[in-house]
Amino acid sequence: MKKINFLFTLLLFTSFTLIAQNPADFENLTLSAESYWDGSDQTGQHNNGLFNSTFSSGDYTFSNTYDTTYGAIYGYWSKGWAYSNITDSVTSGSGNLYSAKAGKGAFDSPNYVVGTNNSTVVFNQPQGFTAMITNSTYAANSMRDGDMFAKKFTNADQDYFKLTAFGYYSGALVDSTTFLLADFTHQDSTNDYIVKDWQYIGMPNSLFDSVQFKLASSDVGQFGMNTPAYFCLDNVGPLPLGLTSLTNNEFSVYPNPAKDVIYFENNSSSSNFSLTIFDCFGKIVLENRINPISIDVSHLPRGLYYARFTNDNGELVKKIIKN
């Protein structure tokens, strides 16, 4: 029965993944070198000082609002998405708002999008959700160093910055998943991190027609979240052909079978990776751990599990036996 259920899950995963053959990689959007589009050209539909635009890539649509309520000279990107190919991953502050901390798009591509809090991706046809995400340079450097508005993240304060994706179908919430863009809550502070490269996020086993993204931080003040409320997104949909499979020896898992603790060794050319573990029914039991050296599996029931490793070059799935 377990084999049948898992085969069904695999078929479900495959069918949802193949519904959309056109990922949003944003390479169809024209930009000059080291530039971005944020709606400031005011080409969107005008309504009481707001210019509302949409742009599309693959089978997905993205909205943008540029606000000139206080005059064109004071206009600013207020909501939704901007697209960019900025490579400056060093400069701190809001003047470098449109750059990804990874310094490029996912899989070494030039283009990607920057999202605000509560931004939404609309699917042109219902399907599962997968994408690559990373921090904006503005947010990453603010958490690393602190700035005039936000604090430097510390383990003592148990700081975190998280992104939750909410998947909807016909207006009803179907599923959600949370990814930690920074995590300073570990017992061992050497495991604390700020995400600096592209990582996988997904809910591939459900059907959605839109996904909304909400940001939350431990650094909250009188007027709300102090951490800059931006993140970067790329490759919404199936991973690029040729990049979906890593070789088996790029990640080692031992001991396997295991009873209490499983250790991981990264032998790939990319220094960073994320790990998600599924049970034999396709249910996530551990999600989006960044660069784990080991995990405690003593609490898991005996049986077969699947570990999915994702890095800049693609992904690899390995079987794990829990005794």
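Under my numbering, think of the first position of the sequence shown as 1493, with each following residue one higher. C-beta atoms are modelled at their ideal positions from N, C-alpha and C, and glycine is treated no differently.
Start and end of the alpha helix (DSSP H) containing residue i?
i, result
"ALA1516", "Premise fails: ALA1516 is in no alpha helix (DSSP H) and is neither H nor E."
"THR1646", "Here THR1646 belongs to no alpha helix (DSSP H), and DSSP marks it neither H nor E."
"ALA1632", "1629-1637"
When we look at the beta-carbon of residue i and count the other beta-carbons within 10 Å, is it buried (16 or more) or exposed?
i, result
"ILE1813", "exposed"
"VAL1712", "exposed"
"THR1802", "buried"
"GLU1742", "buried"
"THR1682", "exposed"
"ALA1674", "buried"
"PRO1747", "exposed"
"TYR1797", "buried"
"TYR1652", "buried"
"THR1736", "Confidence at THR1736 is low in this model, with a pLDDT of 49, below 50, so the placement of that residue is unreliable and no value is reported for it."
"ASN1727", "buried"
"ARG1794", "exposed"
"THR1535", "exposed"
"MET1749", "What sits at residue 1749 in the sequence shown is Pro, not Met. With fewer than 16 other Cβ atoms within 10 Å, it is exposed."
Taking the alpha carbon of residue i as the point to measure from, which residue in the options has its own alpha carbon closest?
i, options, result
"TYR1590", "TYR1566, GLY1607, TRP1690, HIS1538", "GLY1607"
"ALA1525", "PHE1765, LYS1596, ASN1540", "LYS1596"
"ASP1788", "ASN1815, VAL1613, PHE1599", "ASN1815"
"THR1579", "THR1535, SER1760, ASP1680, ASP1689", "ASP1689"
"LEU1523", "SER1549, TYR1661, ASN1577", "ASN1577"
"ASN1764", "SER1555, ASN1610, ASN1539, ASN1805", "ASN1805"
"TYR1660", "THR1677, GLN1619, MET1635, ASP1684", "GLN1619"
"PHE1554", "ASN1610, LEU1778, ALA1642", "ASN1610"
"ALA1648", "ASP1684, SER1668, SER1634, ASP1639", "ASP1684"
"ALA1708", "LYS1810, CYS1724, LEU1672", "LEU1672"
"MET1433", "SER1668, TRP1529, PHE1723", "The first residue shown for the chain is 1493 and the last is 1815, placing residue 1433 beyond what the model contains."
"VAL1480", "GLY1572, ILE1769, SER1601", "Because residue 1480 is not part of the residues shown, which for the chain are 1493 to 1815, the question remains open."
"LYS1751", "ASN1540, PHE1599, PRO1602, HIS1791", "HIS1791"
Ignore the nearest five residues each way along the sequence and tell me which others in residue i's own chain have a CB closer than 6 Å to its CB.
i, result
"THR1612", "SER1702, GLN1704"
"THR1670", "LYS1654, THR1656"
"PHE1547", "PHE1554"
"LYS1810", "VAL1745, ALA1799"
"GLY1734", "Here GLY1734 scores only 45 on pLDDT, less than 50, and its place in the model should not be relied on; the value that follows carries that caveat. Nothing listed; no residue qualifies."
Consider the Cβ of residue i: report whether some Cβ of chain C lies at a distance smaller than 9 Å.
i, result
"SER1786", "In the structure shown, chain C cannot be found, because there is only a single protein chain."
Would you mind reading off the limits of the beta strand (DSSP E) that contains residue i?
i, result
"ASP1559", "1552-1559"
"GLU1742", "From DSSP, GLU1742 is part of no beta strand (DSSP E); its letter is neither H nor E."
"TYR1575", "1568-1576"
"GLU1807", "1806-1814"
"ASN1540", "From DSSP, ASN1540 is part of no beta strand (DSSP E); its letter is neither H nor E."
"ASN1803", "1795-1803"
"ILE1769", "1766-1771"
"ILE1754", "1753-1758"
"GLY1607", "1604-1608"
"SER1786", "1786-1788"
With a CB to CB cut of under 8 Å and the five nearest residues on each side skipped, what residues in its chain are close to residue i?
i, result
"LEU1499", "A caution first: LEU1499 carries a pLDDT of 39, below 50, which makes its placement in the model unreliable, though a value can still be read off. Result list for LEU1499: empty, nothing under 8 Å."
"GLY1729", "ALA1512, ASN1514, PRO1515, ALA1516, GLY1550, ASP1551, TYR1552, GLN1619, THR1622, ALA1623"
Could you name the residues of the same chain whose beta carbon sits closer than 7 Å to that of residue i, not counting the 5 residues immediately before and after it, in chain order?
i, result
"ASN1817", "The chain is shown only over 1493 to 1815; residue 1817 falls outside these bounds and no answer can be derived."
Threshold first: 3 residues or longer. Then list the beta strand (DSSP E) segments lying entirely within the segment 1651-1722, N to C.
For the segment 1651-1722, whole beta strand (DSSP E) runs of length 3 or above, ordered along the chain, are 1652-1661, 1664-1675, 1691-1709.
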